[in-house]
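Some notes on the structure that comes next.
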Amino acid sequence: MRRLGLGLVLILPTLVLVSGCNSRAEVQEPIRPAIVARPQSAAAEAGSLYSGDVKARYESALGFRVGGKIRQRRVDVGAHVKAGDLIAELDPQDLHLQASSAQATLAAAEADLATARSERSRYEALRGKNFVSETQFDAVDNRLKAATARAAEARAALNVAQNQAGYSELRADHDGIITTIVAEAGQVVAPGQTIATLARDGEREVEISVPESRIADYRKDQAATIELWAESGKHLAGVLREIAPEADTTTRTYRVRVTLGEDAGQAKLGQTARVFFSGSESAAAHLVPLASLYEKDGKPAVWVLDPKTRQVHLKPVTVGAYREQGVVLMDGVDTQDWIVAAGVHKLREGQAINPVDHSNKPLTL
64 MRRLGLGLVL
74 ILPTLVLVSG
84 CNSRAEVQEP
94 IRPAIVARPQ
104 SAAAEAGSLY
114 SGDVKARYES
124 ALGFRVGGKI
134 RQRRVDVGAH
144 VKAGDLIAEL
154 DPQDLHLQAS
164 SAQATLAAAE
174 ADLATARSER
184 SRYEALRGKN
194 FVSETQFDAV
204 DNRLKAATAR
214 AAEARAALNV
224 AQNQAGYSEL
234 RADHDGIITT
244 IVAEAGQVVA
254 PGQTIATLAR
264 DGEREVEISV
274 PESRIADYRK
284 DQAATIELWA
294 ESGKHLAGVL
304 REIAPEADTT
314 TRTYRVRVTL
324 GEDAGQAKLG
334 QTARVFFSGS
344 ESAAAHLVPL
354 ASLYEKDGKP
364 AVWVLDPKTR
374 QVHLKPVTVG
384 AYREQGVVLM
394 DGVDTQDWIV
404 AAGVHKLREG
414 QAINPVDHSN
424 KPLTL
């Protein structure tokens, strides 16, 4: 009995010591690395996703109809203008002088015309009395016709000069946004030289480039889904409006324009957008590595990493298809998520990990 008591006394401290060691071991368990990856768009992997920029359907290159020196520029890039708003103006002095010169030329031509008319009237009266020959009368009559033509020419020249004087002001021909300005005050410009570019209000389009190996897959009026990069996950309806008749000589791609529907107002000029064409994978489908798939209670799931806490959480998903490249998930993940791509059966809910890439290099999330 005495020996038994002594044994219990010796065993109990040992158990306490072992228990304490186990507790410290659990607390000090090292955070293990785990390979993580972002889900990829299944549509992109299928070759039916294209990136492009939002543009206005109609863009006008604005320029003066006459040459001269720019006196003042009235708008800046990004300004919204109404039809008729002043964009820039030339120094009108030379144009006004040309109009004055044309006015003087017209006055001289009209004076010559009045003289020719008076002379013809006199010769017509003299011809009735047989004081002048028909040849002399015909010469006077021809001078009247020539004077009439010169007066008409001078009048037309005056109209042109007056119009050109008005062309010293460059005005917007439609409502829209000034996207570029390529000339400044003091610069001498030629007729028709681009001064600014106006993107008209109204329809918006996404311009994409399609490789020649895929251009036969698309046709005019084909439905498409558009996703703005700034609003990931929000899908807008679109329609393929235009396919360039020939490929770019450098990139060997075709320029394709997809028109936004009623939601065009949500897209801003220059924004990056992704275009998914109908008939292909859903825009919401994502491709993940086969090794990332986990099963709980007979249902598929993946481990999603919280970048702030570095902890993983199990998230149910719906499997759409199995491919050579991986598994297509119809929901549950997005391209902005980080999922564990290997060793998923060794994880538990809320476990912290050190994320690494496929080369075992640490990732900064």
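Counting from 1, position 298 in the sequence shown corresponds to residue 361 in the numbering used here; the numbering is continuous, with no gaps. Even for Gly, the Cβ is constructed at its ideal location relative to N, Cα and C.
Exercise for the section: Look up Ser104 in the DSSP assignment and say whether it is helix, strand or coil. Expected result: strand
Exercise for the section: Tell me, to the nearest whole angstrom, how far the beta carbon of Ile258 is from that of Val140; I am working on the premise that it is less than 8 Å. Expected result: Contact doesn't hold; Cβ gap of about 12 Å is too wide.
Problem - As assigned by DSSP and simplified to three states, the class of Ala88 - result: Any answer about Ala88 is weak, because its pLDDT of 45 lies below 50 and its placement is not dependable; what the coordinates show is given next. In the structure shown, Ala88 sits in a helix (DSSP, three-state: H, G or I).
Handout entry: Assigned exposure category for Gly255 - 16 Cβ within 10 Å defines buried
Key = exposed
Practice task
Report the option in Pro96, Ala215, Asp264 whose CA atom is closest to the CA atom of Glu122.
Solution key: Asp264
Exercise for the section: Please go through the same chain and pick out, in chain order, the residues whose beta-carbon is closer than 8 Å to the beta-carbon of Leu73, but skip the five residues on each side of it. Expected result: Residue placement at Leu73 is flagged as unreliable, the pLDDT there being 44, under the threshold of 50; the coordinate-derived value follows with that caveat. None.
Practice task
Check whether the Cβ atoms of Asp400 and Arg101 lie closer than 8 Å to each other.
Solution key: yes
Exercise for the section: Would you tell me roughly how many angstroms separate the C-alpha atoms of Leu356 and Leu392, rounded to the nearest one? Expected result: 10 Å
Handout entry: Delimiting residues of the alpha helix (DSSP H) encompassing Phe200
Key = 197-229
Practice task
Quick one: which unbroken beta strand (DSSP E) runs of 3-plus residues sit fully inside the stretch 98-175? Chain order, please.
Solution key: 112-119, 122-126, 131-136, 149-153
Handout entry: Supposed contact pair Ser276 and Pro155 - C-beta distance, whole angstroms, cut 8 Å
Key = About 56 Å; that fails the 8 Å criterion.
Handout entry: Of the residues Arg128, Val351, Leu377, the one placed nearest Asp360, counting alpha carbons only
Key = Leu377
Problem - Among Ala253, Ile402, Asp204, nearest to Tyr186 - alpha-carbon criterion - result: Asp204
Problem - Run of the beta strand (DSSP E) containing Thr260, from where it starts to where it stops - result: 257-263
Practice task
Output yes if chain B places a C-beta closer than 8 Å to the C-beta of Ala228; else output no.
Solution key: Going by chain labels, chain B is absent from the structure shown, which holds only one protein chain.
Practice task
Would you check if there are 3 or more beta carbon pairs closer than 8 Å linking the stretch 143-160 to the stretch 281-289?
Solution key: no
Handout entry: Spatially closest choice to Lys297 from Glu270, Phe339, Leu332, by CA coordinates
Key = Phe339
Problem - Given Val144 as reference, the closest of Arg318, Ala262, Lys424, Tyr281 once Cα atoms are compared - result: Ala262
Practice task
Under the assumption that Thr322 contacts Arg304 (Cβ atoms under 8 Å), give the Cβ distance between them as a whole number of angstroms.
Solution key: 4 Å
Exercise for the section: Could you tell me which of Leu350, Asp238, Ile133 sits nearest to Val380, measuring between CA atoms? Expected result: Leu350
Problem - Rounded C-alpha distance that separates Ala253 from Gly126 - result: 9 Å
Practice task
Taking 8 Å as the cut-off, decide whether the C-beta atoms of Glu358 and Arg320 are in contact.
Solution key: no
Practice task
Leaving out five residues on either side along the sequence, give the residues of the same chain with a beta carbon under 6 Å from the beta carbon of Ala248.
Solution key: Ile133, Gln135, Arg136
Handout entry: Span of the beta strand (DSSP E), counted from its first residue to its last, around Asn417
Key = 417-419
Problem - CA-to-CA distance, Pro308 to Ile416, given in whole angstroms - result: 53 Å
Problem - Own chain, CB closer than 6 Å to Asp238, minus 5 neighbours either side, in chain order - result: Lys145, Ala146, Asp264
Problem - For Ala219 and Ala171, the rounded distance between their alpha carbons - result: 14 Å
Handout entry: Per-residue burial, Gly395 [other beta carbons within 10 Å of its own, 16 or more giving buried]
Key = buried
Problem - CA-to-CA distance, Ala347 to Gln103, given in whole angstroms - result: 10 Å
Problem - Trp366 burial status per 10 Å Cβ neighbour count (16 or more: buried) - result: buried
Handout entry: Cβ-based burial, Tyr113 [other Cβ within 10 Å; buried from 16]
Key = buried
Exercise for the section: Quick one: grab the DSSP three-state call for Tyr281. Expected result: coil
Problem - With 16 other Cβ atoms within 10 Å as the buried cut-off, status of Ser111 - result: buried
Problem - Neighbourhood of Lys409 by C-beta, 6 Å cutoff - its chain only, sequence neighbours within 5 removed - result: none
Exercise for the section: Can you grab the Cα-Cα spacing for the pair Ala228 / Ala165, in whole Å? Expected result: 12 Å
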